[in-house]
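With the working numbering, letter number 428 in the sequence shown gets 428, and the count goes up by one each step, no holes. Some notes on the structure that comes next.
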Amino acid sequence: MLAFLGLAMVVVFTFLIMTKRLSPIVALTVVPIVFAVIGGFGGTTGKMMLDGLKMVAPSAALLLFAILFFGLMIDAGLFDPLIRKILKRVNGDPMKIAVGTALLSLLVALDGDGTTTYMITCAAMLPLYKRIGMNPMILATISMLSLSIMSGMTPWGGPATRAIAALGLDAGEYFVPLLPTMIGGALWVVFTAFILGRAERKRIGNVQLQSGGGDCYINAILEDTPHKRPKLAYVNLVLVIAVLIALVMGLMHSAILFLIGFVLALMINYPQLDIQKERILAHSGNAMTVVLLVFAAGIFAGIFSGTKMVDALAQTLVDWIPPSWGHLFPLVVAVTSMPLTFVLSNDAYYFGVVPILANAAAAYGIDPIEIARASILGQPVHLMSPLVASTLLLVGMVDRDIGDFQKATVKWAVLTSLVVTALALLTGAISLFN
């Protein structure tokens, strides 16, 4: 009963946001409450919602301060030299722009943080997309796929870190056999960008932009505003590098690091109080929209976990797998990780579901490390979920609705998951026969 109720809740929620019957914030809040009441959990719904809010509060704080921090860096012109080089190289060719987006986002995503990846990639590429009329969904799709490969598979990325911790594995033993899959996945993302860019070139043509003189498109995109601080470029660069190094080393919680970085950036670049207030207000709209969505996602996740719907769905999955399929267990985990990670947070999936799957696989003589590797192969689909905080940021940056984003990316996300699963099988990261 609980498994059916959980599945019905996910289906109804997905239908409502993809058909735009309800806004994401409303659907994330109202749908789980209705299903909790139907399931007889009305008396404890408030506590579950509060637990969900507590669970996502660190993520909300992280996004708030990261948006403000990188917003100030963009205002100050820190990324202008990088953007200028990229713009000169790609000019107005949609295919080159798409491939350049893939290379940039793959590189930035190596730090394992979705917020950083999306902020830097969008800051560099979105103005050019708008300038020549390219579909911003291509930027969003490529950035998301890049993050799913680089952050999804590396031991310092969120999904793998959770899988390793939940099963008590060695990070090196987990990661080294996955390297060929990760490299192949990165090449696949570049190839996908090539396909999307070529299709866009057919639609809008190869736009030749003037790269010199007073009409230079680069100057128009970068805009010389009074908020730029070119003399402080090296100071700002050191600050960003310091924050990212501390983030990768785990010296403090990421929300605290970005808070400190934001405060320092504000003091260094805009010491005048009136300008500080103006810059905060300039970015507060985008930040507040994302934070509200994150808290609404916390309501959904809190009820989904608190009612034990997630546990019932996981157990049903395990029960449905016939004994004769035992040797296929890593493949089953890889395929089912797509829908399961879409409807669950990484914490719920890797700490709640993956240990159940690993224990079931052990009965067939399958090493838990294969289950850990298989469990991260659905990350491209996971990153489409409205429960992922950084995805809400990405959707806001390209100024699109989450339903439109899912429609545009679902095909490429599923295909990418299947490609990396096939690569993992071919390279021996996961096996069919033990």
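C-beta: ideal position from N, C-alpha, C; glycine also. Quick caveat, the model's predicted, so the values are computed rather than measured.
- Nearest neighbour of A76 by Cα position, chosen from L147, L63, A109, K228, turns out to be K228.
- In this structure, V420 lies away from G157, with their beta-carbon atoms at least 9 Å apart.
- A distance of 9 Å or more separates the beta carbons of S375 and V388.
- Taking the Cα positions, I321 is about 34 Å away from I142.
- Under a 10 Å Cβ-count criterion, M153 is classified as buried, with 16 or more other Cβ atoms of the shown protein chains found around its own Cβ.
- In terms of CA proximity to G365, L432 leads the group M134, G302, V26, L432.
- Across the structure, L106 and D113 are spaced so that their CA atoms are roughly 12 Å apart.
- Judged by pairs of C-beta atoms under 8 Å, the segment 262-270 touches the segment 232-243, as three or more such pairs exist.
- Annotation for A171: the continuous alpha helix (DSSP H) segment containing it runs 171-175.
- When rounded, the separation of the alpha-carbon atoms in I275 and L239 is 20 Å.
- Counting only runs of 4+ residues, the alpha helix (DSSP H) found wholly inside the segment 318-404 occupies 329-343, 354-362, 368-375, 379-382, 389-397, in chain order.
- Distances from the CA of V294 to each of V335, A372, S345 were compared; the closest alpha carbon is that of S345.
- Rounded to whole angstroms, L126 and M249 show a C-alpha spacing of 30 Å.
- Distances from the alpha-carbon of Q315 to those of L257, T336, H327 put T336 closest.
- I138 is positioned such that its CB atom lies closer than 9 Å to that of L196.
- Under the three-state reduction of DSSP, T116 is assigned to helix.
- For K308, the secondary structure class from DSSP, reduced to helix, strand or coil, is coil.
- By the Cβ-count criterion, D80 is buried, with 16 or more other Cβ atoms from all chains shown falling within 10 Å of its own Cβ.
- Here the alpha carbon of V176 sits roughly 34 Å from the alpha carbon of K407.
- Around the beta-carbon of P32, 16 or more other beta-carbon atoms lie within 10 Å, marking it buried.
- When the alpha-carbon of L425 is set against those of R373, L247, G205, T409, the nearest one is in R373.
- Between the segment 38-55 and the segment 290-308 there are three or more inter-stretch CB-CB distances shorter than 8 Å, so the stretches are counted as touching.
- Using a Cβ distance threshold of 9 Å, L394 and Y118 count as a contacting pair.
- Contact between the segment 5-12 and the segment 29-45 is present: 3 or more CB-CB pairs across the two stretches fall below 8 Å.
- Between I97 and V108, the beta carbon gap of about 16 Å keeps them out of contact (Cβ cut-off 8 Å).
- Non-local C-beta neighbours of F41 in its own chain, meaning closer than 8 Å and more than five positions away in sequence, comprise M48, I303, G306, T307, ordered along the chain.
- Within its own chain, the residues whose Cβ lies closer than 7 Å to the Cβ of A255, once the five positions on either side in sequence are excluded, are P58, A61, L62, F65, listed in chain order.
- Annotated three-state conformation of R203 is helix, per DSSP.
- Spatial neighbours of T416 in its own chain (CB-CB distance under 6 Å, excluding positions within 5 residues in sequence) are listed in chain order as L145, P380.
- DSSP places T192 in the helix class (H, G or I) of the three-state scheme.
- Rounded to whole angstroms, G172 and I74 show a C-alpha spacing of 36 Å.
- By the CB criterion at 9 Å, M150 and A193 fall outside the cutoff.
- Each residue's CA atom was taken as its position, placing W188 and A422 some 12 Å apart.
- Contact between V310 and A348 holds, since their C-beta atoms are separated by about 6 Å, short of 8 Å.
- Closest in alpha carbon position to L383, among I67, A413, A361, is A413.
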